[in-house]
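Residues are numbered in the working numbering as their position in the sequence shown, beginning at 1, plus a constant of 21.
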Amino acid sequence: LSARLWFCVFAQYQPEDGKGPSIQAQINMQPFKSVIKCDGVKNGHGMTAIHTSRADLYTRLWCVHEVDEALRQNVTVNAAMSRAYLHDTIRRIKTFLKLGVSFEESIQAAGVTV
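Here it is in structure tokens:
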């Protein structure tokens, strides 16, 4: 069994120092769209959004764009998270529940999208 992995952290040359392609030139090539259209991603493994306690995935516009584009292309988007992220999310939900907030509102207030 083999799987292709795409780490967007390595995908874009971003220094804008004149030594590599410009960000706009790279965006014009639509690299991510090319990856998610391949059969192994679209009809196979899908995409995994990795959440950590050190950075909020949704504060990075490119990450939001990638999730949005994957959903537009009907690619399955899975979530993976560190134990610290999971425990912090559960802690936030429990805090809201203790305050008498409904489960649905607690999930939303904790920043969980299901």
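All C-beta atoms in this analysis are idealised placements derived from N, C-alpha and C, irrespective of residue type, glycine included.
| query | Does DSSP classify Asn95 as helix, strand or coil? | reply | One-based indexing of the sequence shown puts residue 95 at position 74. Here DSSP, grouped into helix, strand and coil, assigns Asn95 to coil.
| message | As a quick exercise: from Arg81, Ser74, His66, pick the residue whose alpha carbon is nearest that of His108. | response | For the purposes of this step, residue 108 is taken as the residue at position 87 of the sequence shown. Shortest Cα-Cα distance from His108 to any of Arg81, Ser74, His66 involves Ser74.
| Gly65 versus Ile71 - alpha carbon distance | As a working mapping, residue 65 is identified with position 44 in the sequence shown. As a working mapping, residue 71 is identified with position 50 in the sequence shown. Answer to the nearest angstrom: the Cα atoms are 18 Å apart.
| said: Could you check whether Ala105 and Met68 sit closer than 8 Å to each other, using their CB atoms as the reference points? | reply: The residue given as residue 68 occupies position 47 in the sequence shown. The residue given as residue 105 occupies position 84 in the sequence shown. 8 Å or more divides the Cβ of Met68 from the Cβ of Ala105.
| request: Step through the CB atoms of chain D and report whether any lies within less than 8 Å of the CB of Gln35. | output: As a matter of chain content, chain D is missing from the structure shown, which is built from one protein chain.
| query | For Glu126, is the classification buried or exposed, using 16 other Cβ atoms within 10 angstroms of its Cβ as the cut-off for buried? | reply | Position 105 of the sequence shown, counted from the first residue, corresponds to residue 126. So Glu126 ends up on the exposed side.
| task | Compare the Cα-Cα distances from Arg93 to each of Tyr34, Lys54, Asp38 and report the closest residue. | result | The residue given as residue 93 occupies position 72 in the sequence shown. Looking at the Cα atoms, Lys54 is the closest of the given residues.
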